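Below is one structure; the comments refer to it alone.
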Ligand code: FE
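In my numbering, the protein residues as written are 2 to 200.
Quick look at the structure:
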């Protein structure tokens with residue numbers, strides 16, 4: 002049975018949207034509140050570049066949006082964005098699996114520290130809470146990711162940070178894969194939209 006207070010909240014929001022002349026639904030308003038708006042897209046986006054998986058992927062990571070747990074230290078990063086088709090259609094229920102080094106540049110190859118997967122929501126959005134990884138030998142800081150829509154090939158790639166001096170010396174680094182970074186207090190706010198090779 003529905004909670005009557007939720008119902009009245011929906012009603013209020015719907016009334017508000019109608020009064021403002023908008024065509025938004027209550028759930029849209031609620032869902033959009035904390036996140037960035039739909040990206041302004043052109044007609045045909047280039048698919049996100051593929052990159053090497055590297056040696057430290059572990060399958061079957063836990064499903065979670067936050068990788069911050071006991072024992073994980075470092076600068077907090079909130080990474081958000083959409084998974085889109087080339088024509089800019091948001092893709093719901095896309096699997097996104099993240100893995101990364103810790104603040105000392107080390108991977109957990111025994112367990113699942115700083116590893117986790119999630120699915121994009123009904124509007125094609127994801128939200129990851131983690132820390133900024135450190136560089137390690139030969140590599141500038143990066144976050145590994147696999148993105149897969151249902152019954153489609155996996156996109157494996159890596160994301161980078163804009164202000165790292167090591168980027169220029171890293172053989173794998175590509176500027177197309179740099180996260181857009183803002184800042185809210187001590188937390189870094191990142192934005193990256195994945196584009197899958199789908200019409
Ligand atoms: Fe790596």
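The C-beta atom is built at its ideal place from N, Cα and C for all residues, glycine as well.
On a predicted model such as this, the values are computed, not experimentally measured, just so you know.
Residue range of the unbroken beta strand (DSSP E) whose run includes residue i
i: residue 147; result: 143-149
i: residue 98; result: 96-101
i: residue 183; result: 181-185
i: residue 172; result: Counting along the chain, residue 172 falls outside any beta strand (DSSP E), and DSSP gives it neither H nor E.
Integer Cβ distance of residue i from residue j, believed to fall under 8 Å
i: residue 145; j: residue 58; result: 7 Å
i: residue 192; j: residue 86; result: The Cβ separation is near 18 Å, so there is no contact.
i: residue 171; j: residue 140; result: 6 Å
i: residue 148; j: residue 195; result: 5 Å
i: residue 130; j: residue 106; result: 20 Å between Cβ atoms; not a contact.
**OP:** Can you check the stretch 107-166 for any beta strand (DSSP E) of at least 3 residues that lies completely inside it and give the ranges in chain order?
**Re:** Taking only runs of at least 3 residues, the beta strand (DSSP E) segments lying wholly in the stretch 107-166 are 116-120, 126-132, 143-149 and 156-161.
Original post:
Any contact of the stretch 44-53 with the stretch 111-120, i.e. 3+ C-beta pairs under 8 Å?
Top reply: Output reads no: the stretch 111-120 does not touch the stretch 44-53.
Original post:
So does the stretch 68-77 actually touch the stretch 173-183, counting three or more Cβ pairs closer than 8 Å?
Top reply: With fewer than three CB-CB distances shorter than 8 Å, the stretch 68-77 does not count as touching the stretch 173-183.
Original post:
In the stretch 35-88, which residue ranges form an unbroken alpha helix (DSSP H) of at least 4 residues, counting only runs that do not cross its ends?
Top reply: For the stretch 35-88, there is no continuous alpha helix (DSSP H) assignment of 4+ residues that stays within its boundaries.
**OP:** Count the CB pairs spanning the stretch 117-134 and the stretch 64-71 that are closer than 8 Å, and state whether there are at least three.
**Re:** For the pair of segments examined, the stretch 117-134 was found to touch the stretch 64-71: the number of CB pairs separated by less than 8 Å reaches three.
**OP:** Say whether the stretch 120-132 touches the stretch 164-173, bearing in mind that this needs 3 or more beta-carbon pairs closer than 8 Å, one atom from each stretch.
**Re:** Output reads no: the stretch 164-173 does not touch the stretch 120-132.
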